[in-house]
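To start, the structure itself, in structure tokens.
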Amino acid sequence: MDSRADFAWLHALDRELISSTPTRIGSEHPADNRYGDVLPYDHTLPASAVDRYINANVIKPLEGPSEYIATQGPMPHTFDRFFDLAVEKMEQDPHRCVNVIMLTELADGGRRKADDYLGHLRELLQASLERNNLAGSTLSRVHLSQWDSVEVREVEITLGEQQWTFRHLWVRNWLDNEPPTSSISGNIYDEPLIKLSMKLQIWGGYKMVHCSAGVGRTGTFIALDYYLNHYDAYPDMFQVVASMKRQRFLMVQTQGQLNWLYNIVYKLKQSV
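What follows is the structure, encoded as structure tokens:
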């Protein structure tokens, strides 16, 4: 795989798509976009985001059955919409679970990259349940655990005989515009993001992914997770990334991120 040539082609695809793909809805909500030059494509906006706008897109790599939400890090005045979308997906999921995967620090290089909603996680979730006709739900305390560079927060929700799980996974120390900080050496299955993807396969549940802009690191994780979930079908990583770019601008943003994905594919094939 020639990652430099592939990245040049993918970068040209981004430029072509952003000039030809409608982003009208996002452009009408400038205060709700963390970055004015990263707008969601209209055709893959979540259905509920048309009336209650959120900078997010539904991602189906290779147009297959696997579905994700890729979104920017929510801002304080959009926390409610962010949690409402998570609760909506939690209700719809056959495992009755949503996994919110956060891939950014709150600040990076002295610049704010995300706003802190974790300090009010339970309250924000409770308010969202009430807005979504689940008033009266009982919420457990937030259960916190950690492995490698991943912090896991879980809240169990009960309403009568119905139960759901809200799970938040914060991958720490992944800097903006960079590939993951861990080196790809030794046992490939010790790579923290691969371990996270494998745990998500066991847990089940919808995956809602964000970093800061919701494109580079978010796209890198979704591409990895999709590849691992469909490894037996030998998906082509280049085609996976290209299909994602047609659904959200700049998915897998940098040469380094694409190189990292290609190295993962190479190591996985070596390990067979």
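Mapping of the sequence shown onto this note's numbering: residues 26 to 297, in sequence order.
Glycine included, every Cβ here is placed at the ideal spot set by N, Cα and C.
In this text the structure is predicted, and so the values were computed from the model without any measurement.
Three-way DSSP call (helix, strand, coil) for residue i in this model
| i | result |
| --- | --- |
| L169 | strand |
| W285 | helix |
| M115 | helix |
| A74 | helix |
| T46 | coil |
| T245 | helix |
| L164 | strand |
Residue from the options whose Cα sits closest to the Cα of residue i
| i | options | result |
| --- | --- | --- |
| L253 | A72, Y66, P86 and V63 | P86 |
| Q4 | G211, L110 and Y93 | Past the boundaries of the shown model lies residue 4; the chain is included only from 26 to 297, so the question cannot be answered. |
| L35 | F263, L128 and G98 | F263 |
| G161 | V175, E179, V177 and T183 | T183 |
| F107 | I227, K292 and H193 | H193 |
| I219 | H120, H54, H235 and V290 | V290 |
| C236 | P205, Y259, Q272 and K114 | P205 |
| V297 | R178, S165, M127 and I213 | I213 |
| H255 | R178, K138, Q226 and I94 | Q226 |
| L64 | E88, G229 and L275 | L275 |
| E83 | A74, R40 and T69 | This sequence places Val at residue 83; Glu is not what is there. Taking only the C-alpha atoms, the option nearest V83 is T69. |
| D31 | Y259, N124 and Y287 | Y287 |
| S268 | G185, D57, D39 and E181 | D39 |
| N80 | E88, I94 and G89 | I94 |
Length of the line joining the Cα atoms of residue i and residue j
| i | j | result |
| --- | --- | --- |
| L154 | L249 | 31 Å |
| D118 | D201 | 30 Å |
| P217 | D173 | 7 Å |
| Q187 | M233 | 22 Å |
| T279 | N158 | 42 Å |
| A238 | D67 | 17 Å |
| Y78 | A72 | 10 Å |
| V175 | L131 | 15 Å |
| G281 | L149 | 35 Å |
| L143 | Y231 | 19 Å |
| I50 | D105 | 19 Å |
| H54 | P101 | 15 Å |
| R59 | D257 | 38 Å |
| C122 | E203 | 30 Å |
| G229 | R156 | 25 Å |
| Q272 | K224 | 26 Å |
| V167 | D141 | 16 Å |
| T243 | L42 | 19 Å |
| F246 | S222 | 9 Å |
| S52 | G135 | 28 Å |
| H120 | T48 | 33 Å |
| V265 | L283 | 11 Å |
| T190 | S45 | 39 Å |
| Y251 | E116 | 22 Å |
| D109 | T103 | 10 Å |
Bridge partner(s) assigned by DSSP for residue i
| i | result |
| --- | --- |
| V277 | In DSSP, V277 forms no bridge with anything. |
| W195 | M127 and E176 |
| W189 | I182 |
| I94 | V83 and M233 |
| A132 | R137 |
Endpoints, the alpha helix (DSSP H) within which residue i is located
| i | result |
| --- | --- |
| Q226 | P217 to W228 |
| V240 | Here V240 belongs to no alpha helix (DSSP H), and DSSP marks it neither H nor E. |
| M100 | No alpha helix (DSSP H) holds M100; DSSP gives it neither H nor E. |
| L150 | L146 to R156 |
| Q264 | M262 to K270 |
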